[in-house]
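Taking it in order: structure first as structure tokens, then the write-up.
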Amino acid sequence: MAGQSEQTSSRPAAVHIADEIYAIYRNVAGVLYVAPKVIRFVVSKECVDKKSDESYKKYMERLKGKEFSKTEWKRHGGTIAEDLSHPDDLDITGLYALLEKLSRLHDECWRSVALADSENKSEGDLATATSSMSGGGQPNNNEELPGGDTKCPLEKLSRLGMNGLPRDVDKLFDKLRKVKNLRNEIMHEFEVTLNNEKFSELKTALSELIEEAERVYSLPQSEVEDQKKNLHDDFESLQTTDKKSIYYWCTRLAMSGKLAVKNLWKTKLSKETLPLLNSIVQRLEVFHALDVMVREGPNGQVLPYTEIFKAPEKAIIVSGVAGAGKTTLLKNIVLQFFELQEGNADYLRQFNQLILFECRDRTTETLADVIKQHFKELCRELEGKRNVLDALLRLDALFIIDGYDEVNKVSTNVVEEIIKKTSSSNCRVLITTRPHSAKEKLEMLLATNDVISTEFEIKPLTELNEQLEFLARYEKSLGIKKGEMTESFKTLNNDVRILFTEPINLILFCDMHKHMPETISSWEKPGDVANDILRLYKKLVTRKLADVTHLECEVMLDDLFVVIGKAALEFIRENTVTFSEKELLQVKRKCIQILKSTVECSSEIILSVVLKVNRPLSGAGKTTYTFHHKSIQEMFAAEFIVQRILARNDSLKSILKAKPKEMSSLREVLQYAVQGLSRLRPGAA
Ligand SMILES: Nc1ncnc2c1ncn2[C@@H]1O[C@H](COP(=O)(O)OP(=O)(O)OP(=O)(O)O)[C@@H](O)[C@H]1O
Numbered sequence: 001m002a003g004q005s006e007q008t009s010s011r012p013a014a015v016h017i018a019d020e021i022y023a024i025y026r027n028v029a030g031v032l033y034v035a036p037k038v039i040r041f042v043v044s045k046e047c048v049d050k051k052s053d054e055s056y057k058k059y060m061e062r063l064k065g066k067e068f069s070k071t072e073w074k075r076h077g078g079t080i081a082e083d084l085s086h087p088d089d090l091d092i093t094g095l096y097a098l099l100e101k102l103s104r105l106h107d108e109c110w111r112s113v114a115l116a117d118s119e120n121k122s123e124g125d126l127a128t129a130t131s132s133m134s135g136g137g138q139p140n141n142n143e144e145l146p147g148g149d150t151k152c153p154l155e156k157l158s159r160l161g162m163n164g165l166p167r168d169v170d171k172l173f174d175k176l177r178k179v180k181n182l183r184n185e186i187m188h189e190f191e192v193t194l195n196n197e198k199f200s201e202l203k204t205a206l207s208e209l210i211e212e213a214e215r216v217y218s219l220p221q222s223e224v225e226d227q228k229k230n231l232h233d234d235f236e237s238l239q240t241t242d243k244k245s246i247y248y249w250c251t252r253l254a255m256s257g258k259l260a261v262k263n264l265w266k267t268k269l270s271k272e273t274l275p276l277l278n279s280i281v282q283r284l285e286v287f288h289a290l291d292v293m294v295r296e297g298p299n300g301q302v303l304p305y306t307e308i309f310k311a312p313e314k315a316i317i318v319s320g321v322a323g324a325g326k327t328t329l330l331k332n333i334v335l336q337f338f339e340l341q342e343g344n345a346d347y348l349r350q351f352n353q354l355i356l357f358e359c360r361d362r363t364t365e366t367l368a369d370v371i372k373q374h375f376k377e378l379c380r381e382l383e384g385k386r387n388v389l390d391a392l393l394r395l396d397a398l399f400i401i402d403g404y405d406e407v408n409k410v411s412t413n414v415v416e417e418i419i420k421k422t423s424s425s426n427c428r429v430l431i432t433t434r435p436h437s438a439k440e441k442l443e444m445l446l447a448t449n450d451v452i453s454t455e456f457e458i459k460p461l462t463e464l465n466e467q468l469e470f471l472a473r474y475e476k477s478l479g480i481k482k483g484e485m486t487e488s489f490k491t492l493n494n495d496v497r498i499l500f501t502e503p504i505n506l507i508l509f510c511d512m513h514k515h516m517p518e519t520i521s522s523w524e525k526p527g528d529v530a531n532d533i534l535r536l537y538k539k540l541v542t543r544k545l546a547d548v549t550h551l552e553c554e555v556m557l558d559d560l561f562v563v564i565g566k567a568a569l570e571f572i573r574e575n576t577v578t579f580s581e582k583e584l585l586q587v588k589r590k591c592i593q594i595l596k597s598t599v600e601c602s603s604e605i606i607l608s609v610v611l612k613v614n615r616p617l618s619g620a621g622k623t624t625y626t627f628h629h630k631s632i633q634e635m636f637a638a639e640f641i642v643q644r645i646l647a648r649n650d651s652l653k654s655i656l657k658a659k660p661k662e663m664s665s666l667r668e669v670l671q672y673a674v675q676g677l678s679r680l681r682p683g684a685a
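Going by UniProt numbering, the sequence shown opens with residue 1, and the numbers climb by one from there.
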């Protein structure tokens, strides 16, 4: 269904739309409703030995004669939930994987029994020879019956096919693959979704699958006839579009969902305003393709980020330290998703819908609200409002959750809902988080919902050539003379250069290069850099103040930064990175008091330099404020701590005022504070 939006938007005639709805509806309902029914029938035949309330995991353990550990099940069961006992919620992909695993395991069982039989037989032959020599004549209990399946622990499943020979499942899987491929084409390529011929191709493929099942499982004629009749009736029922059916809403999403989401995000994400440069860059133009490291396994494999979806697990966690580029990676994935038709992001072809949710959001209360934001038009229709989420969960949607470490009381409910609702669907979830904070909580959330996940960590830009490549893109985009900024970067000593392994720091380097190039050559230790970044903020505020006063503002600025730093710390303690107008009021009041003593101006003059204003795109909703980056908020908070320690010798505990559970949000702040202290008072850190 990729590429749907553009085609749909340019179609003029209503009649065409009706034709398209009809074609899509039949194909989508064919692959999402009829085909799984047929495959479930085949699975039930492969599983005749399974008790109805027994989970597939327990069943497989019974056949294997041993329990699977978590990791073993991850390997054996793939994405099959541990407690799954009925395949009703699995779609073609899941059913295919399940059948493949079961049939392989059954073959294994038969092979091991045959091996045991042959060993027993040779022992028996020896015994017979011995006993015949001694004149004895015990019957051999291990004697193999025709087909060799009597000793198999599979009591009801026969090893023999219809022709009396050991069954051959290759053809069955060929037919199944045909159905699966049709599903993927229909779900992922909009031209195919629209293609009327696919509907009859699917019907033929399913009918052939039933016939192949007849051969493999020696099915009685009457059962095969019944299945074929059901198939025929189901396909007939799809000849008219049923607006009440959930597949009608899948169809509507297929037609307009992607365009709606593109309209919501593209403008917001395609440009980026850099923190202090006041320059706008095109996000895709400056994007540096980051590598990721596989967290599990001994050898810490490094992969391009585009490989993350090759992992079979439903949930993909991308972790990375502050400013490692997690959010930027997600934003680029969203943008690339809209460019799919140009063929430059094939790794996203497996998804036909996309939802983005930011954990820092403190106003969106439910998943239904998230869906409403994404598919406003569809949700305006009464039936749409009720059905869009359900329909989405039947499609191959990618749910992107940004910044789990920033999750708050409100957004935690939305995240939980996403994980719960997608757990038994075909959708996948991509979540970013800083590695320490909240990761355990996230893993717990996934485990309680039986969601298997895998983690990739963003690889820092440790090599000089990577850092230069990164900077060169910004150099070009910002119109800086080629080589000017990169040459300056090359002059850094190694101790300082290792600070620039994260993109955010390289961006701050661009800031320094523009506003205080002379300081770069004076950096000796990492602590010098964070200090200069705060100095840079002061310099920019001073410039603003110069428009309204010619008085000396240094002391006043220090006081203002203490107020801002204190607020930054308090917000971080509560894991808050976006602030409402109301929350900011308190800070403004304090700033005004300080300003009044020296100059008659509004607090906006200061806050407009330090904070970024986020106005809701739609016009609805409230304006929020953030620091230009969470790391900058952390630097301000750290500076406040350092100043309090130096000025009043206060204890860290009394400055932080943090409850034990709040301490994890302060990790990075403390790192900056230690750097600051060791710079100013080497013994104090
Ligand atoms: N791959 C990239 N290519 C180009 N610029 C990048 C890239 N990654 C990050 N940046 C720049 O670095 C800044 C910080 O990155 P980002 O906000 O994505 O980090 P993060 O890991 O989400 O940080 P945090 O954990 O603090 O929220 C971005 O605003 C962007 O300007």
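The beta carbon of each residue, even a glycine, is placed where N, CA and C say it ideally should be.
(request) Whole angstroms is fine: what's the gap from ASP19's alpha carbon to LYS262's? (result) As a first step, residue 19 must be located in the sequence shown, where it is residue number 19. As a first step, residue 262 must be located in the sequence shown, where it is residue number 262. Between ASP19 and LYS262, the C-alpha separation is close to 24 angstroms.
(request) Quick one: which unbroken alpha helix (DSSP H) runs of 4-plus residues sit fully inside the segment 533-586? Chain order, please. (result) 554-573
(message) Spatial neighbours of ASP291 within its chain, please: C-beta separation below 7 angstroms, excluding the five flanking residues on both sides.
(response) Position 291 of the sequence shown holds residue 291. So the qualifying residues of the chain are VAL302, LEU303, PRO304, TYR305 and LYS459.
(message) Starting from VAL302, trace the beta strand (DSSP E) in both directions and tell me its first and last residue.
(response) The count along the sequence shown starts at 1 and reaches residue 302 at position 302. Segment 302-304, the beta strand (DSSP E) holding VAL302.
(message) If you measure between the beta carbons of ILE384 and TRP249, is that distance less than 8 angstroms?
(response) The residue given as residue 384 occupies position 384 in the sequence shown. The residue given as residue 249 occupies position 249 in the sequence shown. Checking the sequence, you will find Gly at residue 384 rather than Ile. Yes; because the gap between Cβ atoms is below 8 angstroms, this pair is in contact.
(message) I need the straight-line Cα distance from LYS74 to VAL451, nearest angstrom please.
(response) In the sequence shown, residue 74 corresponds to position 74, counting from 1. In the sequence shown, residue 451 corresponds to position 451, counting from 1. Looking at the two C-alpha atoms, the distance is approximately 11 angstroms.
(message) I need the straight-line Cα distance from GLY676 to THR412, nearest angstrom please.
(response) Working through the sequence shown from its first residue, we reach residue 676 at position 676. Working through the sequence shown from its first residue, we reach residue 412 at position 412. When rounded, the distance between both Cα atoms is 34 angstroms.
(message) I'd like to know if the segment 269-284 and the segment 416-432 are in contact, where contact means that at least 3 CB-CB pairs between them fall below 8 angstroms.
(response) no
(message) At a threshold of 7 angstroms, does ILE431 count as lining ligand 1 (C-beta to nearest heavy atom)?
(response) Residue 431 sits at position 431 when you count from the first residue of the sequence shown. ILE431: no, Cβ never under 7 angstroms from ligand 1.
(request) Using the Cα positions of LYS175 and THR241, report the straight-line distance between them to the nearest angstrom. (result) One-based indexing of the sequence shown puts residue 175 at position 175. One-based indexing of the sequence shown puts residue 241 at position 241. The straight-line gap from Cα to Cα measures roughly 28 angstroms.
(request) Can you tell me which of ILE520, MET512 and ASN465 puts its alpha carbon nearest to the alpha carbon of THR491? (result) In the sequence shown, counting from the first residue as 1, residue 491 sits at position 491. Out of ILE520, MET512 and ASN465, ILE520 has the C-alpha closest to the C-alpha of THR491.
(request) Check ILE17 in the structure and name its three-state DSSP category. (result) Residue mapping note: residue 17 aligns to position 17 of the sequence shown, counting from 1. In this structure, ILE17 counts as helix in the three-state DSSP scheme.
(message) For THR364 and LYS409, I'd like the C-alpha separation in whole angstroms.
(response) Sequence index remark: in the sequence shown, residue 364 carries index 364 (1-based). Sequence index remark: in the sequence shown, residue 409 carries index 409 (1-based). C-alpha separation (whole angstroms): 11 angstroms.
(message) Using only CA atoms, which one of ARG497, ASN352, LEU382 and TYR537 lies nearest to PRO526?
(response) For the purposes of this step, residue 526 is taken as residue 526 along the sequence shown, with counting starting at 1. For PRO526, the nearest C-alpha among the options comes from ARG497.
(request) Just list the beta strand (DSSP E) runs in the segment 425-479, keeping only unbroken ones of 3 residues or longer that don't cross its boundaries, in chain order. (result) 428-433 and 453-458
(message) So the candidates are LYS268, SER256, ALA97 and PHE199; which of them puts its Cα closest to the Cα of ARG237?
(response) For the purposes of this step, residue 237 is taken as the residue at position 237 of the sequence shown. For clarity, residue 237 is Ser in the given sequence; the question names Arg instead. The candidate whose alpha carbon is nearest that of SER237 is PHE199.
(message) So, at 6 angstroms on beta carbons, what are the nonlocal neighbours of ASP495 in its own chain, with the 5 sequence-adjacent residues on each side left out?
(response) The residue given as residue 495 occupies position 495 in the sequence shown. So the list is empty, once near-sequence residues are dropped.
(request) Determine the extent of the beta strand (DSSP E) in which THR626 is found, giving its start and end residues. (result) Indexing the sequence shown from 1 puts residue 626 at position 626. Residues 624-627.
(request) Have a look at LEU611, ASP547 and ILE80 and flag the residue whose alpha-carbon is nearest the alpha-carbon of HIS629. (result) To locate residue 629, count along the sequence shown from 1; it is residue 629. When each option's Cα is compared against that of HIS629, the closest is LEU611.
(message) Given this structure, state the Cα-to-Cα distance separating ARG349 from LYS441, to the nearest angstrom.
(response) For the purposes of this step, residue 349 is taken as the residue at position 349 of the sequence shown. For the purposes of this step, residue 441 is taken as the residue at position 441 of the sequence shown. So the alpha carbons of these two residues sit roughly 31 angstroms apart.
(request) Give a single yes or no on whether ARG434 has its beta carbon closer than 7 angstroms to a heavy atom of ligand 1. (result) Residue numbering aside, residue 434 sits at position 434 when the sequence shown is read from its first letter. Under cutoff, so the answer is yes.
(request) To the nearest angstrom, report how far apart ILE17 and ASN196 are at their CA atoms. (result) For the purposes of this step, residue 17 is taken as residue 17 along the sequence shown, with counting starting at 1. For the purposes of this step, residue 196 is taken as residue 196 along the sequence shown, with counting starting at 1. Taking the straight line from one Cα to the other gives about 14 angstroms.
(message) Contact between the segment 80-100 and the segment 38-45 is defined here as three or more beta-carbon pairs at a separation below 8 angstroms; is this criterion met?
(response) yes
(message) In whole angstroms, give me the CA-to-CA distance for LYS622 and ASP361.
(response) As a working mapping, residue 622 is identified with position 622 in the sequence shown. As a working mapping, residue 361 is identified with position 361 in the sequence shown. Rounded to whole angstroms, LYS622 to ASP361 spans 11 angstroms at the Cα level.
(request) State the Cα-Cα distance for the pair GLU144 and LEU165, rounded to the nearest angstrom. (result) Locating residue 144 in the sequence shown gives position 144, where the first residue counts as 1. Locating residue 165 in the sequence shown gives position 165, where the first residue counts as 1. Its pLDDT being 41, under 50, GLU144 is placed unreliably by the model, and the measurement read from it follows with that caveat. Computed Cα separation, rounded: 15 angstroms.
(request) Identify whether THR130 lies in helix, strand or coil by the three-state DSSP scheme. (result) Mapped onto the sequence shown, residue 130 falls at position 130. Note on THR130: pLDDT 45, under 50, position unreliable in the model; the coordinate value appears next. Helix at THR130.
(message) Less than 8 angstroms between the beta carbons of THR432 and VAL318, yes or no?
(response) Walking along the sequence shown from the start, residue 432 turns up at place 432. Walking along the sequence shown from the start, residue 318 turns up at place 318. Against a cut-off of 8 angstroms, the Cβ pair of VAL318 and THR432 comes out as a contact.
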